[in-house]
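K.L.:
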Amino acid sequence: MTTDAESIQNLYTSGQYEIDADRSSISFQGRSLWGMMPVRGRFDDFAGTGRLRGGGEVTGQLVIDVPSLRTGMAKRDRHLTSQDFFHADRYPIITFTLAEVRFLPSDMVVVEGSLQVKDVVKQVSLSATLHAPDSESVHIGCRKLFDRTEFDISANQLGMVSNEVVIDAQLRWTRSD
């Protein structure tokens with residue numbers, strides 16, 4: 001699939017898009033017990049809106065509900081959303097605000113934007129796959145390794161928790177106008 005600026009206008013329908021949460025997922029994986037045990041989880045509640053304009057210009061925002069974090073262990077979930085890590089009572093959402101999408105000559109794109117976790121905002125660049133399953137939706141998938149301490153998620157009793165966390169987002173955006 002070619003995705004130069006001209007073909008973008010033909011492949012993807014301009015308009016307003018929303019995340020189809022039933023066909024999307026945001027998951028994460030870190031390590032605990034001094035790196036010996038993987039810890040996997042997901043966020044159950046998230047939403048997003050975006051707009052695609054002629055010429056391939058894209059804007060949008062993704063909002064993740066921190067209290068919806070699930071790892072399969074209620075006690076661990078409470079700890080991760082506590083003041084030791086995400087402090088969800090004070091910072092209940094994570095926000096990604098899209099600044100730019102650069103289309104590459106394949107099914108790959110580079111997504112640029114700002115990620116806010118707690119009161120820390122960082123500019124991030126994400127390599128992602130992009131495809132249109134039909135004329136009314138777009139699927140974007142990406143995996144990114146983050147250092148959680150850069151976002152003030154720094155609790156680490158006895159050095160048991162790895163600083164590196166992989167985020168995997170598989171997002172289906174459906175035209176809403």
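Under full-length UniProt numbering, the first residue of the sequence shown carries the number 1, and numbering increases by one thereafter.
Idealized CB from N, CA, C, for every residue including glycine.
What does D134 pair with, by DSSP beta-bridge criteria?
P.N.:
Looking up residue 134 in the sequence shown gives position 134. D134 pairs with S137.
K.L.:
Quick one: what's got a C-beta closer than 6 Å to A99's C-beta in the same chain, skipping five residues either side?
P.N.:
Residue numbering aside, residue 99 sits at position 99 when the sequence shown is read from its first letter. Answer for A99: E112, G113, listed in chain order.
K.L.:
Would you mind reading off the limits of the beta strand (DSSP E) that contains R51?
P.N.:
As a working mapping, residue 51 is identified with position 51 in the sequence shown. Looking at the DSSP string, the run of the beta strand (DSSP E) that includes R51 is 46 to 52.
K.L.:
Taking the DSSP output, what are the residues bridged to G15?
P.N.:
Position 15 of the sequence shown, counted from the first residue, corresponds to residue 15. DSSP lists L52 as partners of G15.
K.L.:
Using CA coordinates, which residue listed in G54, T81, R76, E164 is at the minimum distance from D65?
P.N.:
The residue given as residue 65 occupies position 65 in the sequence shown. Here the closest residue by C-alpha is T81.
K.L.:
Under DSSP, the alpha helix (DSSP H) around T71 begins and ends at which residues?
P.N.:
Looking up residue 71 in the sequence shown gives position 71. Premise fails: T71 is in no alpha helix (DSSP H) and is neither H nor E.
K.L.:
Examine the Cβ distances between the segment 40 to 53 and the segment 14 to 28 and report whether three or more of them are shorter than 8 Å.
P.N.:
Yes, the segment 40 to 53 touches the segment 14 to 28.
K.L.:
Buried or exposed, going by whether 16 or more other CB atoms sit within 10 Å of the CB of L145?
P.N.:
Along the sequence shown, read from residue 1 onward, the residue named residue 145 stands at position 145. By the neighbour-count rule (16 or more Cβ atoms within 10 Å), L145 is not buried but exposed.
K.L.:
Taking 8 Å as the cut-off, decide whether the C-beta atoms of V58 and A47 are in contact.
P.N.:
On the sequence shown, residue 58 is found 58 positions in, with the first residue counted as 1. On the sequence shown, residue 47 is found 47 positions in, with the first residue counted as 1. No. Outside cutoff.
K.L.:
Measuring CB atoms only, is the segment 82 to 92 touching the segment 118 to 133, in the sense that at least three cross pairs come out at less than 8 Å?
P.N.:
Flag = yes, the segment 82 to 92 and the segment 118 to 133 touch.
K.L.:
Flag this pair as yes or no: are the beta carbons of R148 and V166 separated by less than 8 Å?
P.N.:
Within the sequence shown, numbered from 1, the residue matching residue 148 stands at position 148. Within the sequence shown, numbered from 1, the residue matching residue 166 stands at position 166. No.
K.L.:
Since K118 sits in a beta bridge, which residues does DSSP pair it with?
P.N.:
Residue mapping note: residue 118 aligns to position 118 of the sequence shown, counting from 1. K118 is not bridged to any residue.
K.L.:
In the DSSP assignment, find the beta strand (DSSP E) that holds I94 and state where it starts and stops.
P.N.:
One-based indexing of the sequence shown puts residue 94 at position 94. Start and end: 93 to 103.
K.L.:
According to DSSP, is F86 helix, strand or coil?
P.N.:
Within the sequence shown, residue 86 is the residue found at index 86, counting from 1. F86: coil per DSSP, three-state reduction.
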